[in-house]
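Numbering-wise (numbering that gives the first Met the number 0), the sequence shown opens with residue 0 and increments by one. See structure below.
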Amino acid sequence: MIHQLEPMGYHLVNILLHAITSVLYYRVCHTIMASEFTSFMASMLFAIHPIHTEAVTGVVGRAETLSSVFYLSSYLLYTEATKRKKYSGWKSLTLSVVCLSVAMLCKEQGITIAGVCALYEIFVAQK
Numbered sequence: 000m001i002h003q004l005e006p007m008g009y010h011l012v013n014i015l016l017h018a019i020t021s022v023l024y025y026r027v028c029h030t031i032m033a034s035e036f037t038s039f040m041a042s043m044l045f046a047i048h049p050i051h052t053e054a055v056t057g058v059v060g061r062a063e064t065l066s067s068v069f070y071l072s073s074y075l076l077y078t079e080a081t082k083r084k085k086y087s088g089w090k091s092l093t094l095s096v097v098c099l100s101v102a103m104l105c106k107e108q109g110i111t112i113a114g115v116c117a118l119y120e121i122f123v124a125q126k
């Protein structure tokens, strides 16, 4: 245990995870929306919204933020894999499945990224 029983280390890790989640959220918004400004404002609203207080301030909330990091990473890797030519996206697709698995191990709701990727494939990638 790096931090032993000192809560400051745990809080700093949670804040770092929330910052990473906010950056990943910006990247997801940027893939969905064309405007960088709109994506930036959406990610700032996400970062400062008080609903995340419990996930960031409590050690138990780390499962939520870890799941979010891998959930968003899985989505970004999947979109990257579908943008590539036929067989060159295997690495991104494999990493997307790994991130999906880790997100699911962190929190059960991580399995929903499989449905999100399926909807992305049907409505966006196939057009």
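Don't be surprised by glycine CBs; every beta carbon is placed ideally from N, CA and C.
Euclidean distance between Cα positions of residue i and residue j
i, j, result
"Y25", "S67", "13 angstroms"
"P49", "E63", "15 angstroms"
"A46", "T20", "8 angstroms"
"V22", "S42", "7 angstroms"
"L92", "Y74", "10 angstroms"
"A18", "M103", "21 angstroms"
"A117", "A124", "10 angstroms"
"Y119", "G109", "16 angstroms"
"I112", "V96", "10 angstroms"
"E5", "L94", "34 angstroms"
"L11", "I121", "40 angstroms"
Cβ pair residue i, residue j closer than 8 angstroms
i, j, result
"L65", "C105", "yes"
"I1", "V55", "no"
"G88", "T78", "no"
"F69", "V115", "no"
"L71", "V27", "yes"
"V58", "Y9", "yes"
"S134", "H51", "In this structure the chain extends from 0 to 126, so residue 134 is not present and cannot be described."
DSSP state of residue i mapped onto helix, strand, coil
i, result
"I1", "coil"
"M40", "helix"
"Q108", "helix"
"S95", "helix"
"S100", "helix"
Alpha helix (DSSP H) segment containing residue i, residue limits
i, result
"G8", "P6 to I31"
"S87", "Element bounds for S87: n/a, residue is neither H nor E."
"G114", "T111 to Y119"
"S136", "For the chain, the structure presents residues 0 to 126; residue 136 sits outside this window and is missing."
"V55", "T52 to T56"
Exposed unless 16 or more other CB atoms sit within 10 angstroms - verdict on residue i
i, result
"L16", "buried"
CB contact check: residue i to chain D, cutoff 8 angstroms
i, result
"V101", "Looking for chain D here will not work: only one protein chain is present."
heavy atom of the ligand NAD below 7 angstroms from residue i C-beta
i, result
"A80", "Because no ligand of any kind appears in the structure shown, any question about the ligand NAD cannot be addressed here."
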